[in-house]
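Here the protein sequences come in this chain order: A and B.
The letter at position 69 of the first sequence is residue 69 when you use the working numbering, and the numbering goes up by one with no holes.
If you want the working numbering, it's the 1-based position in the second sequence plus 1000.
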Amino acid sequence: MKTVILDARRLLCPMPVIRVQDRLADLEPGTRLVAYCTDPGALIDIPAWCRINGHHIVETRTEGDDYIVVLEVGRGGNDRSI
Amino acid sequence: MTRQVKAVALISGGLDSLLAVKVVQDQGVHVEGINFFTGFCVEGHTHAIRKKEKAKPKRNNALWVAEQLGIKLHILDIIEEYKEVVFNPKHGYGANLNPCLDCKVFMVRKAHEWIERNGFDFIITGEVVGQRPMSQRRDTMPVVSRESGADDLLLRPLSARNLPETRPEREGWVSRDRLYGFSGRSRKPQMELAQRFGFDDYAQPAGGCCFLTDANYSSKLADLWRFRGAKAYEIDDIMLLKVGRHLRPRPNFKVIIAREEGEGRFLQGYRKQFVNLETVSHPGPLALIDGEASEEDIQLAARLVARYSKGRGDDRVELQVSGRDGVSHRLAVVPLSADEVPESWHL
Ligand code: SF4
């Protein structure tokens, strides 16, 4: 399974969500994306954005100062329109 | 088979856009949302500033609204393009530096471009005639339709019956009878409709959807423009205006002082971009110096920061001063007294 890393550190919400959204636009369903963020809001906002746009949250965790969201690009939920 | 009609809605996260979408969804239209991030939005981005222990992070209301409605939400970063709206609003500013009418025109124009690119049929907003003093008046609402280029593809479901018929109504994509005729500043009709739809946990932003409607924020932005000699900002500038105490002791620099631990942590992230000061002999806040400061200015800034530390009553407070290059040195100062900090320094 392909895994892509996204560095969204030092960005404040909703920028990490926007970065995730824009990065997902090029990824095939089933791809894993690991987003590293420093805004704790990302742990709420990225999963919420994924739920409404048809992607799956695999895991959310904290490591030191990083808030990490692991998600899988959904089938058909991938929006290439923007 | 009949074609599925599709609309895109401007979602701010407030009650009006929530209701406007629901009204249209109930008529069988497929709706998706767009939310614009200008950098000034009240939503989100205050998570990081708060104290960790207290951090029950605030939800992003635009995402929450989309989830309630079961619609997709596209969040568009318009930080760069939006600057022109803030710098030169054709229709001027509202009570503060809020260019509401130009802002609405801009957002509806972006939504119009979006529907053309994505094959959607029309645009929905939660606007209500007479609700807001600048962008939602009977005479300015047609300006938004016209200047955005959306014209009669812009439907305001909550106020449609007070406005000329739009194309979605003429084409029968929605029925005018099932739209509303709300007007005025009262929120009662919206609250009743929310109750009817079973929504009870919605956001009710007081002044507007962004910091530009806030007098204190606007005065700090005006100060930034005045002392930089031009209307200009970067995203970090406008984020920093939301954080800390801002004091300008001299025209060439201002000091941003954290008010609590969460703000201190947030300002830590800017230590490589600004000369920064931290008390070492006493507990105290982290502070950044914005501008070009001489040795003498740094001395003054240090005395000011010492005033906001636990050593304010002592004769001597020691601080660590760090440059953008990370090189630091110690400085011992006498804290400024209350009388030595004139009101005019506070932005
Ligand atoms: S309050 Fe801010 S975001 Fe809302 S219309 Fe006015 S300028 Fe635009």
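Built from N, CA and C at the ideal position, the CB exists for glycine as well.
Check: Are there 16 or more other CB atoms within 10 angstroms of the CB of residue 1014 of chain B, so buried, or fewer, so exposed?; Outcome: buried
Check: What residues from the region 1256-1270 of chain B come within 7 Å of chain A, judged by C-beta to C-beta, listed N to C?; Outcome: 1269
Check: Quick check on residue 58 of chain A: buried or exposed, where buried means 16 or more other Cβ atoms within 10 Å of its Cβ?; Outcome: exposed
Check: Should residue 1213 of chain B be counted as a contact of the ligand SF4 given a C-beta to heavy atom distance under 7 Å?; Outcome: yes
Check: Ends of the beta strand (DSSP E) at residue 1180 of chain B?; Outcome: First-last for residue 1180 of chain B: undefined, no H or E at that position.
Check: Taking 7 Å as the cut-off, is the beta-carbon of residue 1083 of chain B closer than that to any non-hydrogen atom of the ligand SF4?; Outcome: no
Check: Please return the same chain residues whose Cβ sits closer than 7 Å to the Cβ of residue 1004 of chain B, not counting the five positions on each side in sequence.; Outcome: 1030
Check: Does residue 1123 of chain B come within less than 8 Å of chain A when only Cβ atoms are used?; Outcome: no
Check: Runs of 3 residues minimum, wholly inside the region 41-73 of chain A: which ones carry the beta strand (DSSP E) assignment?; Outcome: 56-63, 66-72
Check: Is there a Cβ of chain B sitting closer than 8 Å to that of residue 69 of chain A, yes or no?; Outcome: no
Check: Which residues mark the beginning and the end of the alpha helix (DSSP H) in which residue 1414 of chain B is found?; Outcome: The requested residue 1414 of chain B is not part of the displayed model; chain B covers only 1001 to 1347.
Check: How many Å lie between residue 1034 of chain B and residue 1111 of chain B at the Cα?; Outcome: 8 Å
Check: Compare the C-beta of residue 48 of chain A with all C-beta atoms of chain B and state if any pair is closer than 8 Å.; Outcome: yes
Check: Thinking just about the alpha-carbon of each residue, which of A:30, A:43, A:15, A:62 is nearest to the one in residue 4 of chain A?; Outcome: A:30
Check: Measuring alpha carbon to alpha carbon, tell me which residue in B:1280, B:1307, B:1256, B:1281 is nearest residue 1273 of chain B.; Outcome: B:1256
Check: In the region 1175-1260 of chain B, which residue ranges form an unbroken alpha helix (DSSP H) of at least 4 residues, counting only runs that do not cross its ends?; Outcome: 1188-1197, 1215-1228, 1235-1240
Check: Going by other Cβ atoms of all chains shown within 10 Å of its Cβ, with 16 needed for buried, is residue 1 of chain A buried or exposed?; Outcome: exposed
Check: Residues of chain B with a CB under 9 Å from the CB of residue 61 of chain A: which are they?; Outcome: Correct list: empty, because the minimum Cβ distance to chain B is about 16 Å.
Check: Taking C-beta pairs closer than 8 Å, name the residues in chain A that residue 1239 of chain B reaches, listed in chain order.; Outcome: 12
Check: Less than 7 Å separating the Cβ of residue 1099 of chain B from some heavy atom of the ligand SF4?; Outcome: yes
Check: Kindly indicate which residue of A:17, A:36, A:50, A:52 has the alpha-carbon position closest to the one of residue 1036 of chain B.; Outcome: A:17
Check: By the 8 Å beta-carbon criterion, what residues does the region 1099-1117 of chain B contribute toward chain A?; Outcome: 1114, 1117
Check: Quick one: is residue 1294 of chain B buried, meaning 16 or more other Cβ sit within 10 Å of its Cβ, or exposed?; Outcome: exposed
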